[in-house]
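Here's the structure, in C-alpha cells; my notes come after.
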Amino acid sequence: MTAVLVLAGVVWREMLRKKDLYVLALLLVALTLLLLTVDTFGAKNVSRYLLDLGLLLIWLLSIVLAVTFTARQIPEEEKRGTVFPLLAKPVSRWQLILGKWLGCWTASVSATILFFVFLLAVVYLRGGEVDGLALIQCAALYAVLLGVIAAITLALSARMTYGAAATTSFVLQGAVFMLVPRIPTLVGYEQGLRRSALMVLYYLLPHYELFDMRRRLVHEWGAIPWSAFGLIVVYGIVLTAFFLLLGWAAYRRKLFRRGEAL
Amino acid sequence: MPFPIEVESLKADFKVGGERVSALKGVSFRVEEGSVVGFLGPNGAGKTTSIHILLGFVDFTGGAARLFGEDVRRQSARSRIGYLPEHPESYRFLRGEELLRMSGRLFGIKGKELRNRVEGVLERVGMQSAARRFIGTYSRGMMQRIGVAQALINDPDLLILDEPTGGLDPVGRLAMRDIIAELKQDGKTVFFSSHELSEVERVCDRVILLRAGEKVAEGGIDELVAPGESLEQYFIEQVCASGGRAVQ
Amino acid sequence: MRATRTSFSILAAATLLAGVSFALACRLTGLPYFAAADSRSAWDQIFGSASAGLSRDLYEIADRYFHKGVGHHEERAFEDPFQRLGEVVAPHRHEHLSADAGVLEIMPWLSLATSVDPGNIEAYQVAAYWLKTAGHLDEAAELLKKALVDNPDDYRLRMELALLAAARDERDSAAAELDRALNLWPGKLDPADEEARIDLARALHYRALIHQLDGEYSAALPLLKRELEVFPDRGGIEAEIEAIQNNSVEREQLENKWHLLQRDKRELQCEDHHHDHHHDDHHH
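Right under this line is the structure:
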C-alpha cells in the first residue's frame, strides 16, 4: 500500500508542477467571467445559466485534465526509461497501475473541487443559491465518474502511446456521453443486425448519465434518494475495478521498449 | 549461503515483428558475494535481456534465475538490490532529494532513517549542493550521479549497473570507478554490463562474456586474457571467432 | 536554400490550387467573382441562416429552463434498470417556472437568442411577457424599445407595448400602440397564418374595448365587425356588437375586461404532449 501511495504522490507533484492544471483553471475563470457579461434584460439575481454553463465547463475541463494527464503516465514512464529503476524496486506492476490511477484520480478530483468552489463563489455573488445536499451528491457522483474515466484511460495507455490512448479515450468518452442514453430511442427505429449492435453497445458501454446530476442541481430538483446514490456509487466502483483489472492484464506481461528501440 | 545472482540454463524467446527470436539459449552463471563482475558481449548478445530478466522486467521461457536464492519473479527478490539503467533518466519535475525520498519509501524506509540515508547517498555521489534543484536542470553527469544515488538508497547488497560509465567524461568515469571500489570495500556485490573494456579491466574481478545468446567465456581476467594481450583483444577474438577458448 | 525553394514551391502550388478551386466554385454556383456590396451585417453575411437556427436553439434552451430543465419527451423502445435509475437522477416530468418562482432565469437565453438573431420576435415577446408579469415593467419597456430598433415594422412588438401600457393603466398609450399594430399587421407574416389571425382578432378586440371605455362606441363597432369577419364563429363578439347597437353595454363588464387585459393571463401552450397529473399547471 505504501508503494501505491508513494506513486500517487509522484503523480500529484507532477500535476502541481506542470502547466496543464493552471491553463485549464485560467480557461474556466476567463469563460466564467465572460458569462457574467451576458445581458439578462435587466433581471437581477439571475444565476441559473451561470451554474448550468459553469458546471458544463467544469465537466469538460475536468475530463480533459483526467484523460490527458492519465494517458501520459505509463507511456511517459517507458519513453523516459523511468519505469526501469521503478520496477527494479520491490514494486509490482499492479501497484504501479493502482498508484498511477490513484494519483490521477485524486488529482483530477481535487482540481474539480477547486473549480466547483470558484463557480459556487461566482453564483453566490450573483445572488444564486444551491441545494447543499444535492451539491454534495452531484460532486460525489462526478468524482466517481472521473475515477471510471481515469481507469479506462489508464487501461488504454497500458498498451498504447500517449497520443493514441488520449485520442481513443476522448472518442470513447464522447461516444458514451452522447450515444448510450439515446440508444433506447434509436433502437425503436432500427431492425435486425443494427438493432442488435445497438443493444450490445448499450449493455457493454458504461452509463455515464447515471453520474450526471447537473440538471437536478441547476433546476433545483433537490437531492436523490440515498439508496439510488449508493447504487450508482457501487456501479462506478465496479466499473473502475473492472477497467483497472483490464489495464493490469494488458500491462503485466508487456515488454518495455526504451524510447524507440529495445 | 545463496549466491547474489544465480542463473541456470536460462532461456528467453520473444516474438519480434512476427518472428520468434531466441535472445538467450541456455545461459548459466553465478556471481559470488563481494565480487565485481563485468557482463560483456557485443550488441544483441543478450546482456540487457539477462539483466531485465534478473530485475523482473521480462519473463523467461526456460531455466531458472535467482537473486539471493529467491526466484526473480518474486517482488521480494528485489528488496536487496539497487539498479542503475543505461542513460538513467528521472522525473524532471522532482527535485533530487525528492527522488531519493521517494525511492527510499518504496523500500519501506521512512522517518529519520530515510533522512539520514538521503543525506548519506547525496554525500557519497557528491550531489549535496544540487539536491534541491529540479532534476530537469541537471547535466548528463549529474543525472548519472543521482541515478547512482537512488540505486544506493536502500544500502543494497547487490548493485546491478547497465553501462554505468556510458556518456561520462573522464572525471565522471573516475568518480564511478571510485564508487565501485568503495562498494567492493564495503563487501557489496557489483554486477555491471559495459562496452568500456578498459574500465572493466580496472575494476572487475571476473567477467562473463555472451555472444548471440550463449555464454562463451567466464572467469577472472587474469585467467582469460593472455599476458601482453588486452581484454579488448580477447573480447574481439571471442566475439569474432567461430570457436573460442574453453569456458573456465 | 533548398528548403526555402521547396517551401515557396509548395506555397505557390497551394495558392494556385486555391485560386482554381475558387474560380470553379463560382462558375458552378453561377456567382460573379466579385459580388456587389451587401448591406447585411458581417455576422449575417458569414452565418446567414445559421443565425436563425442558433437563435431557435437558444430559444429552445429558454423553453427547457421554463420547464425546469426537462426537455421534450422521447419515446423509448424498451425500459430497463439503467433507465429507471437514470430517471431518478435526471428529472423527466416537467414543471413550469412562474413569476415568483424563478421564471426570470430564462432571460439570459432569450437575450442570447435575440443577440444572435434580432429578428426572433417570439423571444422578445416571451421575455417582455415574463418581465412584465414579474413586475419589471421598466425593463420590459426597455427591451421592447430595443427590439423595435431592429424590427420597426413588426406589429407583434407594438402589441406587447400595448399590453405593457395596459399593465401600467395607461389607456391612451395602449390605444396608440394598438393602432400602430393594426396598421402594421400582418407585417412579414402570411395573413392566412393562424397565429397572425389570432393576433389581429386580439388587437381589434382590445382596441374596441378601449374605445368603449372611452365612450367611443361608434368607433368600436367596425373593429368588432372586422373581428367577426376573421372569426365568424365567435358568438361572444356578436353579443358585444348587439349590445353596442342596443345601447346595452355594461360598464362593469368593460372594466372587468380591462383588468383582465392588465393582468395579461395568456394561456401558454405546452409543446410537450407527454403530460401526466404530476406536473404543475400551465396557466399563469
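Chains as they are written, first to last, in our numbering: chain U, 38 to 299; chain F, 353 to 600; chain H, 428 to 711.
Beta carbons: idealized from backbone N, C-alpha and C, even for Gly.
Next on the checklist: Suppose only complete runs of 4+ residues qualify. What are the alpha helix (DSSP H) ranges in the stretch 428-469 of chain F, listed by chain order?
Outcome noted: Runs of the alpha helix (DSSP H) inside the stretch 428-469 of chain F: 448-458.
Checklist entry - Considering only C-alpha positions, which residue in the set H/661, H/667 and H/608 is nearest to residue 636 of chain H? => result Start at 1 with the first residue of the third sequence, and residue 636 of chain H comes out as number 209. Ranking the options by Cα distance to residue 636 of chain H, first place goes to H/667.
Checklist entry - Nearest to residue 79 of chain U by CA position, among H/605, H/638, H/564 and H/690, is which residue? => result Locating residue 79 of chain U in the first sequence gives position 42, counting from the first residue. With distances taken between Cα atoms, residue 79 of chain U lies closest to H/564.
Checklist entry - DSSP on residue 505 of chain F, reduced to helix/strand/coil? => result As a working note, residue 505 of chain F is residue 153 in the second sequence. Shown here, residue 505 of chain F sits in coil according to DSSP, grouped into three states, outside any helix or strand.
Checklist entry - Distance, Cα to Cα, residue 588 of chain H vs residue 485 of chain H? => result Here residue 588 of chain H refers to the residue found at position 161 of the third sequence. Here residue 485 of chain H refers to the residue found at position 58 of the third sequence. Cα-Cα distance, rounded: 24 Å.
Next on the checklist: Which same chain residues end up closer than 7 Å to residue 554 of chain F when comparing Cβ atoms and leaving out the 5 residues on each side of it in sequence?
Outcome noted: Here residue 554 of chain F refers to the residue found at position 202 when the second sequence is read from its first residue. Setting aside the 5 residues that flank it on each side, residue 554 of chain F is surrounded in the same chain by 529, each with a C-beta closer than 7 Å to its C-beta; the list follows chain order.
Checklist entry - Name the residues in the stretch 525-538 of chain H whose C-beta lies less than 8 Å from a C-beta of chain U; which are they? => result Answer set for the stretch 525-538 of chain H: 529, 531, 532, 534, 535, 536, 537 and 538.
Checklist entry - Got a sec, what are the start and stop residues for the beta strand (DSSP E) residue 522 of chain H sits in? => result The residue given as residue 522 of chain H occupies position 95 in the third sequence. According to the DSSP assignment, residue 522 of chain H belongs to no beta strand (DSSP E), since it is labelled neither H nor E.
Item to check | Presumed contact (8 Å Cβ cut-off) between residue 512 of chain F and residue 435 of chain F, rounded CB distance | outcome: Counting from 1 along the second sequence, the entry for residue 512 of chain F is found at position 160. Counting from 1 along the second sequence, the entry for residue 435 of chain F is found at position 83. The pair is a contact, with the Cβ atoms about 5 Å apart (cut-off 8 Å).
Item to check | Contact list for residue 583 of chain H against chain U, beta-carbon separation under 7 Å | outcome: In the third sequence, counting from the first residue as 1, residue 583 of chain H sits at position 156. Neighbours of residue 583 of chain H on chain U: none; closest Cβ ~17 Å, over 7 Å.
Checklist entry - Do you know whose CA, among H/489, H/512, H/610 and H/496, lies nearest residue 552 of chain H's CA? => result By 1-based counting over the third sequence, the position of residue 552 of chain H is 125. Check the Cα spacing between residue 552 of chain H and each of H/489, H/512, H/610 and H/496: the tightest is with H/489.
Checklist entry - Which class does residue 480 of chain H belong to by DSSP, given the choice of helix, strand or coil? => result Position 53 of the third sequence holds residue 480 of chain H. Secondary structure of residue 480 of chain H (DSSP, three-state): helix.
Next on the checklist: Here's the rule I'm using: 16 or more other beta-carbon atoms within 10 Å means buried, otherwise exposed. How should residue 141 of chain U be labelled?
Outcome noted: Indexing the first sequence from 1 puts residue 141 of chain U at position 104. Classification for residue 141 of chain U: buried.
Checklist entry - Can you name the residues of chain H whose CB is closer than 9 Å to the CB of residue 79 of chain U? => result Residue 79 of chain U sits at position 42 when you count from the first residue of the first sequence. Around residue 79 of chain U, the beta-carbon contacts reaching into chain H at under 9 Å are 534, 558, 563, 565, 566, 567, 569 and 570.
Checklist entry - Can you give the Cα-Cα distance for residue 176 of chain U and residue 537 of chain F, rounded to whole angstroms? => result Taking the first sequence and counting its residues from 1, the one referred to as residue 176 of chain U is at position 139. Taking the second sequence and counting its residues from 1, the one referred to as residue 537 of chain F is at position 185. If you take the alpha carbons of residue 176 of chain U and residue 537 of chain F, they lie about 59 Å apart.
Item to check | Rounded straight-line distance, which links the Cα of residue 543 of chain F to that of residue 374 of chain F | outcome: In the second sequence, the residue the question calls residue 374 of chain F occupies position 22. In the second sequence, the residue the question calls residue 543 of chain F occupies position 191. Distance between the alpha carbons of residue 374 of chain F and residue 543 of chain F is about 23 Å.
Next on the checklist: I'd like to know if the stretch 184-203 of chain U and the stretch 268-276 of chain U are in contact, where contact means that at least 3 CB-CB pairs between them fall below 8 Å.
Outcome noted: Yes: the two stretches touch, three or more of their Cβ pairs being nearer than 8 Å.
Item to check | Any 3 or more C-beta pairs closer than 8 Å across the stretch 216-229 of chain U and the stretch 41-61 of chain U | outcome: Per the Cβ contact rule, the stretch 216-229 of chain U is not in contact with the stretch 41-61 of chain U (fewer than 3 Cβ pairs under 8 Å).
Checklist entry - Taking Cβ positions only, does residue 279 of chain U come closer than 7 Å to chain F? => result Position 242 of the first sequence, counting from 1, holds the residue named residue 279 of chain U. In terms of beta-carbon proximity, residue 279 of chain U stays away from the interface with chain F, with every pair separated by 7 Å or more.
Checklist entry - For the beta strand (DSSP E) that contains residue 377 of chain F, what are its first and last residues? => result For the purposes of this step, residue 377 of chain F is taken as residue 25 along the second sequence, with counting starting at 1. Its beta strand (DSSP E) spans residues 371-383.
Checklist entry - How many Å lie between residue 93 of chain U and residue 148 of chain U at the Cα? => result Counted from its first residue, the first sequence places residue 93 of chain U at position 56. Counted from its first residue, the first sequence places residue 148 of chain U at position 111. Taking the straight line joining both Cα atoms gives about 15 Å.
Checklist entry - In terms of alpha-carbon separation, which member of U/138, U/252, U/136 and U/190 lies closest to residue 174 of chain U? => result By one-based count along the first sequence, residue 174 of chain U stands at place 137. When only C-alpha atoms are compared, the closest one is U/252.
Next on the checklist: I'd like to know whether the C-beta atoms of residue 354 of chain F and residue 433 of chain F end up nearer to each other than 7 Å.
Outcome noted: Indexing the second sequence from 1 puts residue 354 of chain F at position 2. Indexing the second sequence from 1 puts residue 433 of chain F at position 81. Between residue 354 of chain F and residue 433 of chain F, the C-beta spacing is not below 7 Å.
Next on the checklist: Contact defined as beta carbons within less than 8 Å: I believe residue 516 of chain H pairs with residue 261 of chain U. What is the distance between those atoms, to the nearest angstrom?
Outcome noted: Reading the third sequence from its first residue, position 89 is the one you call residue 516 of chain H. Reading the first sequence from its first residue, position 224 is the one you call residue 261 of chain U. Residue 516 of chain H to residue 261 of chain U, Cβ: 6 Å. Contact.
Item to check | Where residue 297 of chain U falls, given that 16 or more other Cβ within 10 Å makes a residue buried | outcome: Sequence index remark: in the first sequence, residue 297 of chain U carries index 260 (1-based). Interpretation of residue 297 of chain U is limited by its pLDDT of 34, a score under 50 that renders its predicted location unreliable; the figure taken from the coordinates is listed afterwards. Exposed is the call here.
Item to check | Whole-Å CB distance - residue 118 of chain U paired with residue 441 of chain F, under 8 Å assumed | outcome: Numbered from 1 along the first sequence, position 81 holds the residue referred to as residue 118 of chain U. Numbered from 1 along the second sequence, position 89 holds the residue referred to as residue 441 of chain F. With 8 Å as the limit, residue 118 of chain U and residue 441 of chain F qualify as a contact, their Cβ atoms being about 5 Å apart.
Checklist entry - For residue 245 of chain U, which residues in chain H fall below 9 Å Cβ to Cβ? => result As a working note, residue 245 of chain U is residue 208 in the first sequence. Within chain H, no C-beta atom comes nearer than 9 Å to that of residue 245 of chain U; the closest sits roughly 10 Å away.
Item to check | Inter-residue Cα distance where the pair is residue 597 of chain F and residue 381 of chain F | outcome: Numbered from its first residue, the second sequence carries residue 597 of chain F at position 245. Numbered from its first residue, the second sequence carries residue 381 of chain F at position 29. Here residue 597 of chain F scores only 47 on pLDDT, less than 50, and its place in the model is too uncertain to base an answer on.
Checklist entry - For residue 703 of chain H, which of helix, strand or coil comes out of DSSP? => result Here residue 703 of chain H corresponds to residue number 276 of the third sequence, with the count starting at 1. For residue 703 of chain H, the predicted model reports a pLDDT of 42, less than 50, meaning its position is unreliable and no value from the coordinates is stated.
Next on the checklist: For residue 652 of chain F and residue 279 of chain U, I'd like the C-alpha separation in whole angstroms.
Outcome noted: In the structure as shown, chain F starts at 353 and stops at 600, and residue 652 of chain F therefore has no counterpart that could be examined.
Next on the checklist: I want to see whether chain F comes within less than 7 Å of residue 117 of chain U, judged by CB atoms only; does it?
Outcome noted: For this step, residue 117 of chain U is matched to residue 80 along the first sequence. The beta carbon of residue 117 of chain U falls within 7 Å of a beta carbon belonging to chain F, placing the residue at that interface.
Checklist entry - Mind checking if residue 252 of chain U is an interface residue toward chain H, Cβ cutoff 7 Å exclusive? => result As a position in the first sequence, residue 252 of chain U is number 215, starting the count at 1. Closer than 7 Å: yes.
Next on the checklist: On a Cα-Cα basis, can you pick out the residue from F/386, F/474, F/426 and F/394 that is closest to residue 561 of chain F?
Outcome noted: The count along the second sequence starts at 1 and reaches residue 561 of chain F at position 209. Cα-wise, what sits closest to residue 561 of chain F is F/394.
Next on the checklist: In this structure, how does DSSP classify residue 297 of chain U when only helix, strand and coil are distinguished?
Outcome noted: Position 260 of the first sequence, counted from the first residue, corresponds to residue 297 of chain U. Only weak support is given to the placement of residue 297 of chain U: the predicted model assigns it a pLDDT of 34, under 50, and the value that follows is read from those uncertain coordinates. Three-state DSSP puts residue 297 of chain U in coil, outside helix and strand.
Item to check | Beta-carbon neighbours of residue 219 of chain U, restricted to chain F and to distances below 8 Å | outcome: Numbered from 1 along the first sequence, position 182 holds the residue referred to as residue 219 of chain U. Within 8 Å Cβ-Cβ: nothing; residue 219 of chain U doesn't reach chain F, min ~42 Å.
Checklist entry - For the candidate residues U/199, U/110, U/85 and U/206, whose alpha-carbon lies nearest to that of residue 134 of chain U? => result Sequence index remark: in the first sequence, residue 134 of chain U carries index 97 (1-based). Comparing alpha-carbon positions, the option among U/199, U/110, U/85 and U/206 lying closest to residue 134 of chain U turns out to be U/110.
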